[in-house]
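Participant: Take any residue in the sequence shown, count from 1 to its spot, add 8: that is its number in my numbering.
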Amino acid sequence: MAARHANTDDIRDLFSRAMSDMYRAEVPQYGTLMELVADVNAETLRAAPQMRARLAQSGEIERLGVERHGAIRVGTAQELFDIRRVFAVMGMHPVGYYDLSTAGVPVHSTAFRPIAEQALGRNPFRVFTSLLRLDLIEDPALRAEAAAVLSARRIFSPRVLELVQVFETDGALTQPEAEEFVRESLETFRWHSDATVDLATYQELHRAHRLIADIVSFKGPHINHLTPRTLDIDAVQAGMPRRGITPKAVIEGPPRRNCPILLRQTSFKALEESIVFRCSAGDNAVGTHTARFGEIEQRGVALTAKGRKLYDELLNSVRRDVQIGPAGSNASTYETELSDRFQSFPDDWAELRSRGLAFFRYSATETGLASSRHGGLPTTVEELIADGFLQFDPIVYEDFLPVSAAGIFQSNLGTDEQKNYAAQSNRAQFEAALGAMVHDELKLYADAERASLKRALRQIGSAQVALAHAGS
Ligand code: OOG
Ligand code: NI
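Printed below as a string of structure tokens:
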């Protein structure tokens, strides 16, 4: 029997490249966006050697060119359950729970992504995955029809599920199996221009919610965007019109800062695509559907619970006071207010760390490494930093933001769909469908920070003394 040794990180890397190639071929604007982002990143690194050094130190330079996230929407509990198993083959695990119903989007979501530090460094490919909440369709007849349509479809080929089974039983795939798995599973995410429902049903679903039509009317969960990471989102936003792309009115997330926090995102509008609908008479009707769009992101440091609370308060205060109109009116007031109010969020790495607002990765400096032979070191983390034995770099935020995600959804749904569902967030129901609990992202960042500190202190040779202080 052939040895089963294909590495999950390699499978994910292969898959994310294949997905990117497919999307590039299907949505030419995505290719244009990739070029713009690559140009802006190169220019930003050239102009800011300090930023380059920091990104090199934290291993982010190498992953920057391959880094992207995508998004899909599935229709049933069974589909979510199976998608979890498929992503596990690529070393991607569910992290975080996002309730979008409060923002008028009838889904709840998680992000599948690598978790281990070295896996994130290799290729951090993430897929924001939403599950339709059929319970939010008000009309019982339409709800039943949507459920029936969904229950009849199979989004994975039998071979993909067979290979998942092999992986689950043997713990790995062989190299040829891994390649076959990538080829076959890619098909699940492909665009289909033929709908599985007739035009009248599509229109009824569309009236209930555009997103419901998008999820229910097709063979599978087509990838609806792929998002490259930029080091300067304002430059990309400004550069888009020059390359024939129209971005949404405002960038979601925090304002521009010296020390970027969390995640900033912007997108361009979905394409109108021609669709062939089923006809009861046997012939087909042609119509259109908008689903696929483009997005760019800029990632910053992961915030602690305390930092996140401050972020949420500041963002909510701006959103309460400045509402952006359907055609993007008030956009500049919004941006000014956002920058003003975030003045109270420290914009200095040392202060973000000392006030416990963000997560950092610690490492021993040259001096620290050299001193391990001498002894007589300071006894606290603060002193070790002050005396140049220990240094710290921001841990990049690998997740998403519910308010931003809602904004990205909305900007591609048209602005007339702002309705809030009264139903409660239902994490337990989501996890039951998933067949697993989602990982707690804050715990992952805290673990990474703690592990880095432990390792650094061991290298410096002051593990005993300083760790007692680190926990406090
Ligand atoms: C997902 C929208 C959310 C993000 O980056 O926040 C998202 C969707 O439209 O399916 O991708
Ligand atoms: Ni996205």
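The beta-carbon is built from N, C-alpha and C at its ideal position, and this holds for glycine as well.
Bear in mind that the values here come from a model prediction, so they are computed numbers and not experimental data.
#1: Grouping DSSP H, G and I as helix and E and B as strand, with all else coil, what is ASP206?
#2: How long is the line joining the alpha carbons of THR137 and PHE89, rounded to whole angstroms?
#3: What first and last residue would you give for the beta strand (DSSP E) that runs through LEU150?
#4: Less than 9 Å between the C-beta atoms of ASP5 and ALA119, yes or no?
#5: Would you check if the stretch 257-266 and the stretch 178-189 touch, i.e. whether three or more CB-CB distances between them fall below 8 Å?
#6: Can you determine whether any heavy atom of the ligand OOG sits closer than 8 Å to the C-beta of ARG92, and answer yes or no?
#7: Taking its Cβ as the centre, do 16 or more other Cβ atoms sit within 10 Å of GLN273, making it buried, or is it exposed?
#8: With distances taken from CA atoms, which of PHE189, ARG161 and GLY295 is nearest HIS214?
#9: Return the first residue and the last residue of the alpha helix (DSSP H) that ASP455 is part of.
#10: Could you check where the beta strand (DSSP E) with ASP107 kicks off and where it finishes?
#11: Indicate the three-state DSSP secondary structure (helix, strand or coil) for ILE393 in the structure shown.
#12: Leaving out five residues before and five after GLU457 in sequence, what residues of the same chain have Cβ atoms less than 7 Å from its Cβ?
#13: Starting from TYR370 and walking both ways along the beta strand (DSSP E), at which residues does that stretch end?
#14: Alpha carbon to alpha carbon, what distance is there between LEU144 and PRO114?
#15: Helix, strand or coil: how does DSSP classify ALA474 here?
#16: For GLY252 and ARG161, I'd like the C-alpha separation in whole angstroms.
#17: For GLY479, which of helix, strand or coil comes out of DSSP?
#18: Restricting to runs no shorter than 4 residues, where is the alpha helix (DSSP H) found entirely within the stretch 25-77?
#19: Using 8 Å as the cut-off, classify the Cβ of HIS233 as near or not near the heavy atoms of the ligand OOG, replying yes or no.
#20: Here's a check: name, in chain order, each residue in its chain whose Cβ is nearer than 7 Å to the Cβ of LEU311, leaving out the five neighbours to either side.
#21: Which of helix, strand or coil does DSSP assign to SER165?
#22: Kindly indicate the opening and closing residues of the beta strand (DSSP E) around SER288.
#23: Tell me whether GLU87 is buried or exposed, calling it buried when 16 or more other Cβ atoms sit within 10 Å of its Cβ.
#24: Return the CA-CA distance between ARG218 and VAL326, expressed in angstroms with no decimal places.
#25: When we look at the beta-carbon of THR375 and count the other beta-carbons within 10 Å, is it buried (16 or more) or exposed?
#26: Under DSSP, the beta strand (DSSP E) around THR274 begins and ends at which residues?
#27: Reducing DSSP to helix, strand and coil, say where LEU139 ends up.
#28: Kindly give me the distance between the Cβ atoms of THR196 and ILE220, rounded to whole angstroms, as I take these residues to be in contact under 8 Å.
#29: Are the CB atoms of SER379 and GLN399 within a distance shorter than 9 Å?
#30: Candidates THR235, ARG286 and SER28: which alpha carbon is nearest LEU207's?
#31: Going straight from the alpha carbon of LEU465 to that of ALA394, what length do you get?
#32: Use the C-beta contact count for HIS233: other C-beta atoms within 10 angstroms, 16 or more gives buried, fewer gives exposed.
#33: Which class does GLY112 belong to by DSSP, given the choice of helix, strand or coil?
#34: Compare the Cα-Cα distances from VAL157 to each of LEU346, GLY336, CYS267 and LYS227 and report the closest residue.
#35: Look up HIS297 in the DSSP assignment and say whether it is helix, strand or coil.
#36: For the ligand NI, any of its heavy atoms closer than 8 Å to the Cβ of GLU305?
Facilitator: In brief:
#1: On the sequence shown, position 198 is the one that residue 206 refers to. The answer is strand: DSSP assigns ASP206 an E or B state.
#2: Numbered from its first residue, the sequence shown carries residue 137 at position 129. Numbered from its first residue, the sequence shown carries residue 89 at position 81. Looking at the two C-alpha atoms, the distance is approximately 11 Å.
#3: Locating residue 150 in the sequence shown gives position 142, counting from the first residue. Note, LEU150: premise wrong, no beta strand (DSSP E); alpha helix (DSSP H) at 148-160.
#4: With the chain covering only 9 through 480, there is no way to say anything about residue 5.
#5: No contact exists between the stretch 178-189 and the stretch 257-266.
#6: Taking the first residue of the sequence shown as 1, we reach residue 92 at position 84. No, since every heavy atom of the ligand OOG falls outside the 8 Å radius drawn around the Cβ of ARG92.
#7: Indexing the sequence shown from 1 puts residue 273 at position 265. Buried.
#8: Position 206 of the sequence shown, counting from 1, holds the residue named residue 214. Per the C-alpha coordinates, the member of PHE189, ARG161 and GLY295 positioned closest to HIS214 is GLY295.
#9: Locating residue 455 in the sequence shown gives position 447, counting from the first residue. Looking at the DSSP string, the run of the alpha helix (DSSP H) that includes ASP455 is 449-468.
#10: On the sequence shown, residue 107 is found 99 positions in, with the first residue counted as 1. Note, ASP107: beta strand (DSSP E), 101-107.
#11: As a first step, residue 393 must be located in the sequence shown, where it is residue number 385. Helix.
#12: Residue 457 sits at position 449 when you count from the first residue of the sequence shown. So the qualifying residues of the chain are PHE367, PHE368, ARG369 and ILE403.
#13: By one-based count along the sequence shown, residue 370 stands at place 362. From DSSP, the beta strand (DSSP E) with TYR370 extends over 368-372.
#14: Position 106 of the sequence shown, counting from 1, holds the residue named residue 114. Position 136 of the sequence shown, counting from 1, holds the residue named residue 144. Approximately 6 Å, taken between the alpha carbons.
#15: Your numbering for residue 474 matches position 466 in the sequence shown. Note that ALA474 has pLDDT 47, beneath the 50 cutoff, so the model's placement of it is unreliable and the number below is only indicative. Note: ALA474 maps to helix in three-state DSSP.
#16: Residue 252 sits at position 244 when you count from the first residue of the sequence shown. Residue 161 sits at position 153 when you count from the first residue of the sequence shown. GLY252 and ARG161: Cα-Cα distance of roughly 37 Å.
#17: Counted from its first residue, the sequence shown places residue 479 at position 471. Residue placement at GLY479 is flagged as unreliable, the pLDDT there being 38, under the threshold of 50; the coordinate-derived value follows with that caveat. In this structure, GLY479 counts as coil in the three-state DSSP scheme.
#18: 36-55, 57-65 and 68-72
#19: If you number the sequence shown from 1, residue 233 lands on position 225. Under cutoff, so the answer is yes.
#20: Numbered from 1 along the sequence shown, position 303 holds the residue referred to as residue 311. Once the five neighbours on either side are set aside, the close Cβ partners of LEU311 are ILE269, LEU270, TYR319, LEU365 and ALA366.
#21: Residue numbering aside, residue 165 sits at position 157 when the sequence shown is read from its first letter. Coil.
#22: Translated into positions along the sequence shown, residue 288 becomes position 280. Segment: none, SER288 is in no beta strand (DSSP E) and carries neither H nor E.
#23: Numbered from its first residue, the sequence shown carries residue 87 at position 79. Answer is buried; the Cβ neighbour count reaches 16.
#24: For the purposes of this step, residue 218 is taken as the residue at position 210 of the sequence shown. For the purposes of this step, residue 326 is taken as the residue at position 318 of the sequence shown. Cα to Cα, the separation comes out at about 28 Å.
#25: For the purposes of this step, residue 375 is taken as the residue at position 367 of the sequence shown. So THR375 ends up on the exposed side.
#26: The sequence position of residue 274 within the sequence shown is 266, counting from 1. THR274 -> beta strand (DSSP E) spans 271-276.
#27: As a working note, residue 139 is residue 131 in the sequence shown. In the structure shown, LEU139 sits in a strand (DSSP, three-state: E or B).
#28: One-based indexing of the sequence shown puts residue 196 at position 188. One-based indexing of the sequence shown puts residue 220 at position 212. That belief does not hold up - the Cβ atoms of THR196 and ILE220 are roughly 20 Å apart, past 8 Å.
#29: To locate residue 399, count along the sequence shown from 1; it is residue 391. To locate residue 379, count along the sequence shown from 1; it is residue 371. No.
#30: What you label residue 207 is simply residue 199 of the sequence shown in a count that begins at 1. Out of THR235, ARG286 and SER28, ARG286 has the C-alpha closest to the C-alpha of LEU207.
#31: Taking the first residue of the sequence shown as 1, we reach residue 465 at position 457. Taking the first residue of the sequence shown as 1, we reach residue 394 at position 386. Computed Cα separation, rounded: 15 Å.
#32: The residue you call residue 233 lines up with position 225 of the sequence shown. When all chains shown are included, HIS233 counts as buried.
#33: Within the sequence shown, residue 112 is the residue found at index 104, counting from 1. In the structure shown, GLY112 sits in coil (DSSP, three-state: anything other than H, G, I, E or B).
#34: Here residue 157 corresponds to residue number 149 of the sequence shown, with the count starting at 1. Checking every option, the nearest Cα to that of VAL157 belongs to LYS227.
#35: For this step, residue 297 is matched to residue 289 along the sequence shown. HIS297: strand per DSSP, three-state reduction.
#36: As a working note, residue 305 is residue 297 in the sequence shown. GLU305 Cβ: within cutoff of the ligand NI.
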